[in-house]
DNA sequence: GCGGCGGTTTGACTTTTGTCACACCCCGTG
DNA sequence: CACGGGGTGTGACAAAAGTCAAACCGCCGC
């Protein structure tokens, strides 16, 4: 926590430059170093979160579409990322917006639950560095091998690192070979306490998984394509923190879920801010399930997804 | 709340420049305007809090002296502003540090109580603009005419304006001519509710007033020099939100206090974060009274005041 | 004691940003 | 309809910031 003496100079330079508004050469003179060094210090100060620069995400929350979607679905807040922008790479835009929104939702001292997946890791990857000591970032579910850096513990760790927050990982596999083993492991004090602590979170961050044969759970080997297919037939609608939910967002009583080490879904529903980011348009059905299940209060989606959601909301809710 | 269409372009420019890291000429090209305009938009975005740049105040919290003072006095957190800096105008430094600390203590959605005085206004005057919609800034005490902009309502209003927060003023005088009238006014629903709402604050900001004949209360005509002198003899130790406290920080049962419209001191004591800023070294005795009275959890002081406090803490507490 | 290796620091150069005077435009007024 | 403010937008220039290769420094092993 205390400023390391090598960082002291970073703090001083940042303070004089950003807070006092001195020029770099003035800062250099005052600290008795060259201006080039000052420039370097300032970059490091920005990179480590000693200085943080944030831009309001109003721009994306301000769409009329966002308002309509909030009114229709009852979500607390919706951000819409336009995809039609030619000049700006729209695929890369979503995580950037999501990261800014995520930062805005964090309060000092918060405990934050983080799930895993491509979307979450993309967010982590563009998350600006910040100085949020006192914040705790918790893994929401057990681990499993995943391609690239999408592993649950990596998502948690990277986010914690960037925020200068404390990271808490769950040292258990996401899925176990048998229900008995999963039960026993859930009963272990270390694991039990960590899962229980999730109820203290003020904010959770996740995406929703699909139930196709190319879903993450299948690709990472937690389920076979056949098992997933069967689950789909049985009414599976999406994946939240590694657990299967049905098309109305209810926990499914299936073998997979019973063998899962993950946050209790009812607990997640009680967390005040539930931020969901959906990148792919293919995730329409899972998203609907997640919203119906009460897993979303703050939503970041593309324009086209927002339109689809809006136009088909009545239809999908009437069907219930 | 919604982005006015004239502001839309500010948001866009700020987003592209600060979040995406484009250069000004790239932003200009993308928005189809000149680079000079982009530069102007960016300045406005900074000035209005669409973009906010903040520097960690660790530097000032990190003094060994600060640690010692926290340990000795039991305060939650202390920031120490060095005064010996030749190059930097140290008188101007204190409010700048205090403003940065104040910003760091604010959480989104907070309700903040603000008192009045030179120190508080100095802080307001250098407070960076920020986009803290959802925050509420409340006046802690009634109004009175004060020189420059030190009036309670002005302090509140200016701080709320800079934060883009909601400001709530108390439309009553600080001191009334008679106790009866003060009582009746306190009983008025509008006033009563506002005073009651102070208990919902998560943070209060104030300095402490002295009890000399040149104190603010005297200069603003709330008390005569003689009355103040008499109060001093009777054990007055300082002024908190317009009310006299004794040398141990207890509310004094005096005519002035009974005629005062201000936050209940016991209520203030229950507010989690009580931030006090003391600029002048002459305020040693009042500061001690305020700390003893439990009015301070977060303190911003000069090095010399910190030293004095540290060396004389045992002495002043033993005396109690 | 010397060579080499990681890192920081610096001077010199290039690129980017800030600024300011002037052009422009909209709108209300004489 | 001409006039004159108040505010915006712009081109050109000056100022500031970013960058990079080379120098430097402390430290270790030989």
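Protein chains in written order, with my numbering: chain A, 132 to 451; chain B, 132 to 451. Ideal Cβ positions, reconstructed from N, Cα and C, are used throughout, including at glycine.
Sequence-distant residues of its chain with Cβ nearer than 7 Å to residue i (five each side left out)
i	result
residue 394/A	244, 271, 272, 326, 329 and 372
residue 182/A	145, 149 and 176
residue 454/A	Shown here, chain A extends from 132 to 451; a query on residue 454/A therefore has no answer.
residue 191/A	210, 211, 212 and 228
residue 208/A	192, 201 and 429
residue 286/B	245, 247, 251, 252 and 255
residue 360/A	344
residue 166/B	155, 156 and 159
residue 262/B	180, 181, 183 and 295
residue 447/A	419
residue 186/B	231
Residue i versus residue j - alpha carbon distance
i	j	result
residue 348/B	residue 275/B	9 Å
residue 363/A	residue 322/A	30 Å
residue 197/A	residue 437/A	8 Å
residue 378/A	residue 422/A	10 Å
residue 392/A	residue 313/A	7 Å
residue 142/A	residue 295/A	15 Å
residue 324/A	residue 331/A	11 Å
residue 300/A	residue 284/A	6 Å
residue 266/B	residue 293/B	12 Å
residue 234/A	residue 230/B	22 Å
residue 224/B	residue 442/A	56 Å
residue 305/A	residue 205/A	32 Å
residue 449/B	residue 171/A	51 Å
residue 445/B	residue 199/B	13 Å
residue 433/A	residue 382/A	27 Å
residue 203/A	residue 435/A	16 Å
residue 358/B	residue 397/B	25 Å
residue 236/A	residue 151/B	20 Å
residue 316/B	residue 374/B	17 Å
Classification of residue i by the beta-carbon crowding that lies within 10 angstroms, buried from 16 upward
i	result
residue 249/A	buried
residue 319/B	exposed
residue 138/B	buried
residue 195/A	exposed
residue 302/B	exposed
residue 341/A	buried
residue 218/A	Here residue 218/A scores only 45 on pLDDT, less than 50, and its place in the model is too uncertain to base an answer on.
residue 282/B	buried
residue 311/B	exposed
residue 454/B	Here chain B comprises residues numbered 132 to 451, so residue 454/B is not present and cannot be evaluated.
residue 380/B	buried
residue 355/B	exposed
residue 390/B	buried
residue 388/A	buried
residue 309/A	exposed
residue 289/B	buried
Residue i CB to nearest heavy atom of the ligand ZN below 8 Å
i	result
residue 170/B	The ligand content of the structure shown is nil, which means the ligand ZN is not present either.
Residues of its chain near residue i, where Cβ-Cβ distance is below 8 Å and the 5 sequence neighbours each way are ignored
i	result
residue 333/B	238, 241, 242, 243, 402, 403 and 404
residue 339/A	369, 370, 371, 407, 409, 414, 417, 418, 420, 421 and 426
residue 439/B	412 and 415
residue 147/B	153, 157, 158, 161 and 162
residue 178/A	260
Neighbourhood of residue i by C-beta distance below 6 Å, restricted to the same chain and skipping five residues each side
i	result
residue 291/A	268 and 298
residue 425/B	400
residue 277/A	351
residue 232/B	188, 210 and 431
Bridge partners - residue i, DSSP secondary structure assignment
i	result
residue 304/B	274/B
residue 208/B	429/B
residue 186/B	182/A
residue 337/A	407/A
residue 161/B	The partner list for residue 161/B (beta bridge, DSSP) is empty, contrary to what the question assumes.
residue 393/A	272/A
residue 356/A	Answer is none; residue 356/A lacks a bridge partner.
residue 377/A	367/A
Touching or not, the region 339-355 of chain B and the region 252-267 of chain B, by the rule of three or more beta carbon pairs under 8 Å?
no
Any 3 or more C-beta pairs closer than 8 Å across the region 415-424 of chain A and the region 368-388 of chain A
yes
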